[in-house]
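Asker: One structure coming up, written as structure tokens, with questions to follow.
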Amino acid sequence: MVAIEVCGLTKTFGRVTAVRDVSFTAPAGLITGLLGPNGSGKTTTLRIVLGLVRASAGEALIGGVRYAALARPRRVVGAMLESTGFHPGRRARDHLRVLAAADGIPERRVDEVLDLAGLTAAARRPVRQFSLGMRQRLGLAAAMLGDPQVLVLDEPANGLDPGGMAWLRSTLRDLAAQGRTIVVSSHELGEVTRTVDHVVIVSAGELRFAGPLSDIGPTHTALESAFLSLTH
């Protein structure tokens, strides 16, 4: 099983310290919620995990190695950092075909992830016709192309209607039950209590809490109270 380990992570941009000495583990087989207010360091942390930003100190490891050391990263880690990285005139299926071809992934996998995301009927529609929620689904389909053991998702519930939220919750649960490591960045505390097993709370670039959701409490109110006390 492949876990994510963040060890003493620090990142400075000039005089600004975006992340300061953050350490946590996202265990395999569980859904970890990375929570914090805007500007708390969540996105910087995820970008370091994915090798998009270099840490000033410390490291982020995936299965014991840095992302850059993975032989075939897309086969190990699937990522969704935003829902805007699509060519608006390209059809959904063609978008996934291009990604699959670039990494030697069989084309049959494109249809599998379209079905997983509930987009089979919309596969031949251009992305510019997609709602934000449909783009989120397409982003998750792209993240799943390589059948990865690790998923890193930034605000995956953004733009989803209640049905879409239920679908996402069920999908992530099924994937975690297969032993995958899932990290979800979110500000939707109510949804988090129904989705995640493990919680990491950051504020002003520093770690405030890391541990099982059950250590805080099973309800939205308990998590909200803890979140407010830890981030203010």
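With positions in the sequence shown counted from 1, the corresponding number in my numbering is that position plus 247. Where a beta carbon is used, it is the ideal one built from N, C-alpha and C, also for glycine.
1. Specify, as a first and last residue, the run of the alpha helix (DSSP H) that alanine 347 falls within.
2. Do glycine 336 and arginine 384 have their CB atoms nearer than 8 Å?
3. State buried or exposed for valine 263, treating a residue as buried only when at least 16 other CB atoms are found within 10 Å of its CB.
4. Alanine 389 and leucine 366: beta carbons closer than 8 Å?
5. Can you give me the C-alpha to C-alpha distance between aspartate 358 and valine 323, rounded to a whole angstrom?
6. Leaving out the 5 sequence neighbours to the left and right, which residues in its chain are closer than 6 Å to glycine 255 when beta-carbon positions are compared?
7. Pull the bridge partners of leucine 454 from the DSSP assignment, please.
8. How is the beta strand (DSSP E) around isoleucine 352 delimited, first residue to last?
9. Distance, Cα to Cα, leucine 343 vs alanine 364?
10. Quick check: threonine 247 and alanine 302, are their CB atoms within less than 8 Å of each other?
11. To the nearest angstrom, how far is it from the Cα of isoleucine 295 to the Cα of leucine 398?
12. Keeping to the same chain, check which residues put their C-beta closer than 8 Å to that of leucine 297; ignore five residues upstream and five downstream.
13. Return the CA-CA distance between isoleucine 463 and proline 274, expressed in angstroms with no decimal places.
14. Please return the same chain residues whose Cβ sits closer than 8 Å to the Cβ of threonine 272, not counting the five positions on each side in sequence.
15. Go through the stretch 263 to 304 residue by residue and report every complete run of the beta strand (DSSP E) that reaches 3 residues or more, in order.
16. For threonine 468, does the count of other Cβ atoms within 10 angstroms reach 16, so buried, or fall short, so exposed?
17. Which of the three DSSP states is assigned to serine 433 in this structure?
18. Identify the residues that DSSP records as bridge partners of alanine 307: which are they?
19. What span of residues does the alpha helix (DSSP H) with leucine 475 cover, start to end?
20. Could you tell me the alpha carbon to alpha carbon distance between threonine 440 and leucine 282, rounded to whole angstroms?
21. Cutting at 7 Å between CB atoms, please list the residues of its own chain near leucine 477, excluding the five before and the five after it.
22. Please report the straight-line C-alpha distance between aspartate 394 and serine 472, rounded to a whole angstrom.
23. Here's the rule: buried if 16 or more other CB atoms are within 10 angstroms of the residue's CB, otherwise exposed. What is arginine 355?
Answerer: According to the structure data:
1. 339 to 349
2. no
3. exposed
4. no
5. 20 Å
6. Asp268, Ser270 and Gly305
7. Val449
8. It is not in any beta strand (DSSP E) - isoleucine 352 carries neither H nor E in the DSSP assignment.
9. 12 Å
10. Nothing can be reported for residue 247: it is not among the residues displayed for the chain, which extend from 248 to 479.
11. 14 Å
12. Tyr314, Val324, Ala326, Leu328 and Val399
13. 18 Å
14. Ala250, Ile251, Glu252, Val253 and Ala457
15. 263 to 273 and 278 to 282
16. exposed
17. strand
18. Val253
19. 467 to 478
20. 12 Å
21. Ile448, Ser450, Arg455 and Phe456
22. 37 Å
23. exposed
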